[in-house]
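Right, one structure below, let's go through it.
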Amino acid sequence: MKSFLVALTLSLGIIAGPTLAQSTGPLKIEITEGVIEPMPFAAPAFVAESAAVGGLAEQITAVVIADLVGSGIFREVPARAHVAVITNFDSPVQFSDWKVINVQALITGAVTMRGDGQIAVKFRLFDVFAENQMGEGLQFAGKRDDWRRMAHKVSDAVYSRLTGESGYFDSRVVFVAERGPKGQRQKRLAIMDYDGENYQNLTGENAIVLSPRFSPDGKQVLYTSYETGLPRVYLLDLETLRRRALSDLPGMSFAPRWSPDGRTMLVSLSNGGNTDIYRVDVASGAQNRLTSSPAIETAPSFSPDGSRIVFESDRAGSQQLYVMSADGGEAKRISFGAGRYGTPVWSPRGDLVAFTKINKGRFHIGVMRLDGSEERLLTASFLDEGPTWAPNGRVLMFFRESRGTNGAPQLYSVDISGRNLKRIDTPNFGSDPSWSDLLQ
Amino acid sequence: MSIKITSLAIALAFGLAACTSIVPNSGLNSTDQTFPQDSPEFFQASVGDRIWFDVDQATLNSEAQSILNAQAAWLLQNAEFQTLIEGHADEQGTREYNLALGARRANAVQEYLISKGVAQNRLSVVTYGKERPVEICSTEACWSKNRRAVSVVSVGGNS
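Line by line, the protein sequences are chains A and S. Per our numbering, the first sequence starts with residue 667, numbered consecutively. Per our numbering, the second sequence starts with residue 192, numbered consecutively.
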């Protein structure tokens, strides 16, 4: 657990590297409607500037490549096709060497061991056909154990410069790790990097745990646990791993979600068979009831500005999506397609809501605008559920459960155009992912 | 001749099986002698500890009501028992909704038992949503068994 604590509390020093002529370059990839032709890039092995970081430089290069290729919008021109080798980070780039193999974006990098024992990762990004550097070279310094984070920082910077949008690689995911047969599934909370690396358990398996949710600052997790016998919402501190029940909540509570400022949460309380949405001050426990119909109201999610809430209700006879003010009151239905809709999550960009849709025995992850228009189903399977947004609002993670007596859930991601469906490897089964914001 | 006798024996066995399969849910008239009548095991096996629901419903059909009538009668005779009513859903729904649905189902049972005279302070509810299936196939044959409310009786409560 110690290395995990270090990783969370670490702040990576970001030092601007040697300044070269800055360019706004014409090289840009538009990802708004999804990218059909991935942009070819090359990332020749980062130069190890001291023997102590020899293997590490290659590992860091591999992570950068995996991040960019994994996004689905970049295509690597592999090392075996290269006609040049970068041996000195500061030597001028021969653009013709990269044009000839049709590389559009070139990433060069180097890794150094510093006097204080930290490592530094430097990179530059070039627009090969315009023959200029895109933005300044940057350097990230930190503990050797955090080399993956430094690689992800490089990937985020490259992604951001080439797309004009922020990245999502230096981020983590909390989720429910599951194992055992379907009838006796054991669950615990776990945390990992967005790509499945650096897996750590957060709780034991003594009680069912559900739906963890990262706080906006990434330091705490709200989740539901059955440790007292009833489902109750708990707050887990990721640094100390101490947890506390939000104990003033009567009866059964579940489906917690943070407000954007991290001060309040939305939660469902079930009382007398009726489930309604409450807003609760996390520090004081003060409650505000936001819905009061006899129908099921659950799975609330704040808008990024905190002014509105999207949630699900069966008040019209079946599970559908509604939007109301953050103070409750009248709600407007936004889902009108065939089937049932649940688990709405407001995009961090504010433009879309992601949801689970159940129609004719199939489950889908989808997105729609907040007025219900432009519904797009991104996936289809026996059971897809529980989307969570990447920090930049371009990718969703969710879980997919296979059918039958050996059925089990696994984590997947898909981009919001429906492309690039990928399984995220976890040690056992996984469900209920919650994606953090970009780490600081 | 021997063939004929065998087939009659099989028919008889099937007939008996059909009869005994009705017994566990038939109320207090069970002839089951295995467990004392005031035991949780008797409640489970002979009174019938569970009822089943239609898809996305929490209404009690007539079969459910007759089982709950038997539960209420047993609880009135065995006043030292507390009951925890578990509400469950099948896997064909989202997690949070199924938790709410399970709560609705458990509550429907609680209210029915209260209406039959069982004291409210002997009853409590919990929802498990789709977390604890008893049948694990992914067809209606299993889902119909998982859409259930189970009354768990114990002396001194469950919590």
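All C-beta atoms, glycine included, are put in the ideal place defined by N, C-alpha and C. Note that the structure is predicted; figures quoted are calculated from it, not measured.
Outcome for residue i when other beta-carbon atoms lying within 10 angstroms are tallied against a minimum of 16
{"i": "Ser253 of chain S", "result": "exposed"}
{"i": "Met192 of chain S", "result": "Reliability fails at Met192 of chain S, whose pLDDT of 30 lies under 50, so the model's placement of it is uncertain and the value that follows must be treated cautiously. Burial call: exposed."}
{"i": "Ile702 of chain A", "result": "exposed"}
{"i": "Ala949 of chain A", "result": "exposed"}
{"i": "Thr250 of chain S", "result": "exposed"}
{"i": "Phe1002 of chain A", "result": "exposed"}
{"i": "Ala310 of chain S", "result": "exposed"}
{"i": "Arg286 of chain S", "result": "buried"}
{"i": "Ser991 of chain A", "result": "exposed"}
{"i": "Gly1096 of chain A", "result": "buried"}
{"i": "Glu978 of chain A", "result": "buried"}
{"i": "Asn1058 of chain A", "result": "buried"}
{"i": "Asp971 of chain A", "result": "exposed"}
{"i": "Leu267 of chain S", "result": "exposed"}
{"i": "Gly239 of chain S", "result": "buried"}
{"i": "Gly320 of chain S", "result": "buried"}
{"i": "Val766 of chain A", "result": "exposed"}
{"i": "Gly721 of chain A", "result": "exposed"}
{"i": "Ala270 of chain S", "result": "exposed"}
Paired residues, beta bridge with residue i - DSSP
{"i": "Val899 of chain A", "result": "A:Thr890"}
{"i": "Ile731 of chain A", "result": "According to DSSP, Ile731 of chain A bridges with nothing at all."}
{"i": "Ile1031 of chain A", "result": "A:Thr1022"}
{"i": "Asp793 of chain A", "result": "A:Ala771 and A:Asn798"}
{"i": "Ala856 of chain A", "result": "A:Phe841 and A:Asn867"}
{"i": "Ser345 of chain S", "result": "S:Gln273"}
{"i": "Val713 of chain A", "result": "A:Ala776"}
{"i": "Ser950 of chain A", "result": "Partner(s): none; Ser950 of chain A has no beta bridge."}
{"i": "Ala708 of chain A", "result": "A:Leu772"}
{"i": "Phe233 of chain S", "result": "For Phe233 of chain S, which the question treats as bridged, DSSP gives no partner whatsoever."}
{"i": "Ala786 of chain A", "result": "A:Thr778 and A:Ala807"}
{"i": "Phe977 of chain A", "result": "A:Tyr988"}
{"i": "Ser936 of chain A", "result": "A:Met918 and A:Thr941"}
Residue closest to residue i, alpha-carbon to alpha-carbon, out of the options
{"i": "Ala1020 of chain A", "options": "A:Gly1005, A:Pro1075 and A:Asp1081", "result": "A:Asp1081"}
{"i": "Arg923 of chain A", "options": "A:Ser967, A:Asp822 and A:Lys765", "result": "A:Ser967"}
{"i": "Ala952 of chain A", "options": "A:Leu1087, A:Leu912, A:Leu904 and A:Glu1041", "result": "A:Leu912"}
{"i": "Ala823 of chain A", "options": "A:Gln805, A:Pro970, A:Asp993 and A:Thr1092", "result": "A:Gln805"}
{"i": "Val346 of chain S", "options": "S:Arg313, S:Ala264 and S:Thr330", "result": "S:Arg313"}
{"i": "Thr964 of chain A", "options": "A:Asp980, A:Arg999, A:Gly1003 and A:Ser716", "result": "A:Asp980"}
{"i": "Asp1050 of chain A", "options": "A:Glu802, A:Glu1040, A:Val820 and A:Phe1064", "result": "A:Phe1064"}
{"i": "Thr1071 of chain A", "options": "S:Ile327, S:Lys307, S:Glu232 and S:Gly308", "result": "S:Ile327"}
{"i": "Phe707 of chain A", "options": "A:Glu715, A:Gly720, A:Asp763 and A:Arg1042", "result": "A:Asp763"}
{"i": "Leu1104 of chain A", "options": "A:Arg827, A:Tyr834 and A:Val766", "result": "A:Tyr834"}
{"i": "Ser329 of chain S", "options": "S:Asp281, S:Ser230, S:Phe226 and S:Ala264", "result": "S:Asp281"}
{"i": "His1030 of chain A", "options": "A:Asp1017, A:Thr1009, A:Ser1039 and A:Gly1038", "result": "A:Thr1009"}
{"i": "Met705 of chain A", "options": "A:Gln850, A:Val719 and A:Leu734", "result": "A:Leu734"}
{"i": "Ile1024 of chain A", "options": "A:Ser821, A:Thr1054, A:Met918 and A:Tyr1007", "result": "A:Tyr1007"}
{"i": "Thr1054 of chain A", "options": "A:Pro1093, A:Gly995, A:Leu1077 and A:Asn768", "result": "A:Leu1077"}
{"i": "Gln850 of chain A", "options": "S:Thr274, S:Ala294, S:Glu322 and S:Ala332", "result": "S:Glu322"}
{"i": "Gln301 of chain S", "options": "S:Leu259, S:Gln228 and S:Ser237", "result": "S:Leu259"}
Whole-Å CB distance - residue i paired with residue j, under 8 Å assumed
{"i": "Leu888 of chain A", "j": "Val899 of chain A", "result": "6 Å"}
{"i": "Asp1098 of chain A", "j": "Leu868 of chain A", "result": "Not really, about 13 Å apart at Cβ, beyond 8 Å."}
{"i": "Thr318 of chain S", "j": "Ala297 of chain S", "result": "6 Å"}
{"i": "Ala817 of chain A", "j": "Arg780 of chain A", "result": "17 Å between Cβ atoms; not a contact."}
{"i": "Lys848 of chain A", "j": "Gly1073 of chain A", "result": "6 Å"}
{"i": "Arg1042 of chain A", "j": "Gly1052 of chain A", "result": "No, Arg1042 of chain A and Gly1052 of chain A are not in contact; Cβ-Cβ is about 18 Å, not under 8 Å."}
{"i": "Gly278 of chain S", "j": "Val316 of chain S", "result": "7 Å"}
{"i": "Ala711 of chain A", "j": "Ala723 of chain A", "result": "7 Å"}
{"i": "Thr1092 of chain A", "j": "Gly862 of chain A", "result": "6 Å"}
{"i": "Val842 of chain A", "j": "Leu855 of chain A", "result": "6 Å"}
Contacts around residue i, its chain only, beta-carbon distance under 6 Å, and the 5 residues preceding and following it disregarded
{"i": "Leu902 of chain A", "result": "Val887 and Arg909"}
{"i": "Arg1069 of chain A", "result": "Phe1048"}
{"i": "Thr890 of chain A", "result": "Leu876, Ser877, Pro897, Val899 and Phe920"}
{"i": "Arg810 of chain A", "result": "Ile785"}
{"i": "Thr690 of chain A", "result": "Here Thr690 of chain A scores only 46 on pLDDT, less than 50, and its place in the model should not be relied on; the value that follows carries that caveat. Cβ neighbours of Thr690 of chain A beyond the five flanking positions: none."}
{"i": "Phe792 of chain A", "result": "Val759, Leu772 and Gln799"}
{"i": "Ala255 of chain S", "result": "Ile242"}
Contacts around residue i, its chain only, beta-carbon distance under 8 Å, and the 5 residues preceding and following it disregarded
{"i": "Thr753 of chain A", "result": "Val713"}
{"i": "Lys998 of chain A", "result": "Tyr988, Val989 and Met990"}
{"i": "Lys694 of chain A", "result": "Leu828, Thr829 and Gly830"}
{"i": "Asn768 of chain A", "result": "Pro706 and Val743"}
{"i": "Ser934 of chain A", "result": "Ser919, Phe920, Ala921, Thr941, Asp942, Ile943, Tyr944, Glu963, Thr964, Ala965 and Pro966"}
Closer than 8 Å: residue i CB and nearest the ligand GTP heavy atom
{"i": "Gly808 of chain A", "result": "In the structure shown, the ligand GTP is absent, as is every other ligand, since no ligand is present at all."}
Residues near residue i by beta carbon distance below 7 Å, same chain, minus five either side
{"i": "Ile962 of chain A", "result": "Thr941, Ser979 and Asp980"}
{"i": "Ile213 of chain S", "result": "With a pLDDT of only 37 at Ile213 of chain S, under 50, the local geometry of the prediction cannot be trusted, and no value is derived from it."}
{"i": "Gly928 of chain A", "result": "Ser881, Pro882 and Asp883"}
{"i": "Arg845 of chain A", "result": "Gln852, Asn1094 and Phe1095"}
Any C-beta of chain B within less than 7 Å: which residues of the stretch 961 to 978 of chain A qualify? Note that chain B does not occur in the displayed structure, where the protein chains are A and S.
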